[in-house]
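J.:
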């Protein structure tokens, strides 16, 4: 049996925060289907999120991890067992056309005395389907199901010291995987070879800090493909005269620190150098604006002012909160660093500040994961040169 990754006091803090948020919405229970939120509340960690599972969080009493029966063994080995109950459903519910796991969940809620009242559900969630919602509504007629999307996510916005320790370990892994990508980049090397070594380095970790699998695979498009931010890799060789950006992350016990750097093979054209200069100036301004008491839009506007000064238009958001996550995304899906987000920044918040430029036929990414501090500008988690890396130029 594994020891839960955090102290009992840390889990007490998290449950209290989630229940305070539930109290504000007058909820008697929450059905938490996001695996990141399940892990945050209970410690549960397993590759079982492809089937229906949840944490039932009542306003009072013991939270319950609920999932497939064969995954209850994993729950017993990973959850904070002193305060978390475990309930499993039979395998005949899995991918059945005759019954649905939400029927079992409704019965479990009734057994816990939670078959009525106001129950929050994470309705806008990668892991909660339209069918699941339909069955819940049909089988909990006495309950009022309300949208609880983001309730737990917002509780996670300010990181504890224990969480920040994990993120600093992840940052050392991020530095390693980024350096591997930069070192390997060369004309003629197959991109899948680079992806393989980056993945290997990430899993090996640094020292005694082993690497976990990141929520997103290596993103590493080249040349004109780099105008599209979310392409992965293929077996093509890297080519002279092209840039490749590497958007990667170090991951330690599910905590992520992303980083991106761009490598140009050969002599970069003038527009690349001008873009690099503007982007770096914007990053400096954004990091300086990322202070406790400022707002999310201050970071975006500081970046935008520098880019606008250089004649570069960039409409996309430039950052999002990070921390504990599972596939398919390492973002926490709450705050956005963009001009219309008025969220007040607080010490302990962590973001991937990622002002990537994706133009018609090229792309440039230089990013930092940052921590909002009590005083002064944000701290960057990684210590990597912030620049366009040029290799093989004359």
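Numbering (my numbering), first residue to last: 7 to 400. We put the CB at the ideal spot given by N, CA and C, even for glycine. This one's a predicted model, so the numbers in the text were calculated from it and none came from an experiment.
Which residues does DSSP pair with residue 355 in a beta bridge?
T.: Residue numbering aside, residue 355 sits at position 349 when the chain shown is read from its first letter. Bridge partners of residue 355: 164.
J.: Whole angstroms is fine: what's the gap from residue 41's alpha carbon to residue 335's?
T.: In the chain shown, the residue the question calls residue 41 occupies position 35. In the chain shown, the residue the question calls residue 335 occupies position 329. C-alpha separation (whole angstroms): 11 Å.
J.: Could you tell me which whole alpha helix (DSSP H) segments of length 4 or greater appear in the segment 40-86?
T.: Counting whole runs of 4 or more residues, the segment 40-86 contains the alpha helix (DSSP H) stretches 41-48, 78-84.
J.: Is it buried or exposed for residue 75, if we count other Cβ within 10 angstroms and need 16 for buried?
T.: Looking up residue 75 in the chain shown gives position 69. Counting Cβ neighbours within 10 Å, residue 75 comes out exposed, since fewer than 16 surround it.
J.: Select from 13, 171, 35 the residue whose C-alpha is nearest the C-alpha of residue 48.
T.: In the chain shown, the residue the question calls residue 48 occupies position 42. Here the closest residue by C-alpha is 13.
J.: Nearest to residue 212 by CA position, among 186, 397, 197, 321, is which residue?
T.: Here residue 212 is taken as the residue at index 206 of the chain shown, counted from 1. Looking at the Cα atoms, 186 is the closest of the given residues.
J.: Let me know the secondary structure DSSP gives residue 135 once reduced to three states.
T.: Here residue 135 corresponds to residue number 129 of the chain shown, with the count starting at 1. DSSP places residue 135 in coil when its eight states are reduced to three.
J.: If you pair each beta-carbon of the segment 147-155 with each one of the segment 236-246, do three or more pairs fall below 8 Å?
T.: The segment 147-155 is not in contact with the segment 236-246.
J.: Quick check on residue 322: buried or exposed, where buried means 16 or more other Cβ atoms within 10 Å of its Cβ?
T.: Position 316 of the chain shown, counted from the first residue, corresponds to residue 322. Result: exposed.
J.: In whole angstroms, what separates the C-alpha of residue 251 from that of residue 225?
T.: Position 245 of the chain shown holds residue 251. Position 219 of the chain shown holds residue 225. In a straight line, the C-alpha of residue 251 is about 8 Å away from that of residue 225.
J.: Name, in chain order, the residues that DSSP records as bridge partners for residue 189.
T.: Position 183 of the chain shown, counted from the start, is the residue given in the question as residue 189. None, per the DSSP bridge assignment.
J.: Rounded to whole angstroms, what is the Cα-Cα separation between residue 382 and residue 329?
T.: Counting from 1 along the chain shown, the entry for residue 382 is found at position 376. Counting from 1 along the chain shown, the entry for residue 329 is found at position 323. Going by the C-alpha atoms only, they are around 22 Å apart.
J.: Report back the beta-carbon spacing between residue 375 and residue 195 to the nearest angstrom; my notes put them in contact at under 8 Å.
T.: In the chain shown, residue 375 corresponds to position 369, counting from 1. In the chain shown, residue 195 corresponds to position 189, counting from 1. Not a contact, Cβ separation roughly 27 Å.
J.: Quick check: residue 159 and residue 356, are their CB atoms within less than 8 Å of each other?
T.: Walking along the chain shown from the start, residue 159 turns up at place 153. Walking along the chain shown from the start, residue 356 turns up at place 350. No, they are not a contact pair.
J.: Excluding the five sequence neighbours on either side, which residues of its own chain have a C-beta within less than 7 Å of the C-beta of residue 218, listed in chain order?
T.: Against the chain shown, residue 218 aligns to sequence position 212. Excluding sequence neighbours, residue 218 sits near 257, 258, 259, 260.
J.: Am I right that residue 380 and residue 298 are in contact with their C-beta atoms under 8 Å? What's the rounded C-beta distance?
T.: Position 374 of the chain shown, counted from the first residue, corresponds to residue 380. Position 292 of the chain shown, counted from the first residue, corresponds to residue 298. Going by Cβ atoms, the distance from residue 380 to residue 298 rounds to 6 Å, so yes, they are a contact pair.
J.: Within 10 angstroms of its Cβ, does residue 137 collect 16 or more other Cβ (buried), or is it exposed?
T.: Residue numbering aside, residue 137 sits at position 131 when the chain shown is read from its first letter. It counts as exposed.
J.: Residue 89 and residue 109: beta carbons closer than 8 Å?
T.: Here residue 89 corresponds to residue number 83 of the chain shown, with the count starting at 1. Here residue 109 corresponds to residue number 103 of the chain shown, with the count starting at 1. The answer is no: Cβ separation not under 8 Å.
J.: In the DSSP assignment, find the beta strand (DSSP E) that holds residue 38 and state where it starts and stops.
T.: Here residue 38 is taken as the residue at index 32 of the chain shown, counted from 1. Looking at the DSSP string, the run of the beta strand (DSSP E) that includes residue 38 is 35-38.
J.: Just checking my contact of residue 387 with residue 255 at CB under 8 Å: how many whole Å lie between their CB atoms?
T.: Mapped onto the chain shown, residue 387 falls at position 381. Mapped onto the chain shown, residue 255 falls at position 249. About 11 Å; that fails the 8 Å criterion.
J.: The alpha helix (DSSP H) that contains residue 110, what's its start and end?
T.: One-based indexing of the chain shown puts residue 110 at position 104. Residue 110 -> alpha helix (DSSP H) spans 107-117.
J.: Suppose the cutoff is 7 Å on Cβ atoms and the five residues either side in sequence are ignored; what does the same chain contact list for residue 233 look like?
T.: Locating residue 233 in the chain shown gives position 227, counting from the first residue. So the qualifying residues of the chain are 364, 365, 366, 367, 368, 369.
J.: Just how far apart, CA to CA, sit residue 273 and residue 393?
T.: By 1-based counting over the chain shown, the position of residue 273 is 267. By 1-based counting over the chain shown, the position of residue 393 is 387. Each residue's Cα considered, the two are about 15 Å apart.
J.: Return the CA-CA distance between residue 77 and residue 66, expressed in angstroms with no decimal places.
T.: Taking the chain shown and counting its residues from 1, one reaches residue 77 at position 71. Taking the chain shown and counting its residues from 1, one reaches residue 66 at position 60. The straight-line gap from Cα to Cα measures roughly 25 Å.
J.: Span of the alpha helix (DSSP H) holding residue 271?
T.: Here the question's residue 271 lines up with position 265 in the chain shown. Element bounds for residue 271: not the alpha helix (DSSP H) but the beta strand (DSSP E), 261-271.
J.: Residue 142 and residue 112 look like a contact to me (Cβ under 8 Å); what is the Cβ gap, rounded to whole Å?
T.: Locating residue 142 in the chain shown gives position 136, counting from the first residue. Locating residue 112 in the chain shown gives position 106, counting from the first residue. That pair is a contact at about 6 Å.
J.: Grab me the residues of residue 188's own chain with a C-beta within less than 7 Å of its C-beta, minus the 5 sequence neighbours each way, in chain order.
T.: On the chain shown, position 182 is the one that residue 188 refers to. Closer than 7 Å at the Cβ level, and outside the excluded window around residue 188, lie 267, 269, 395.
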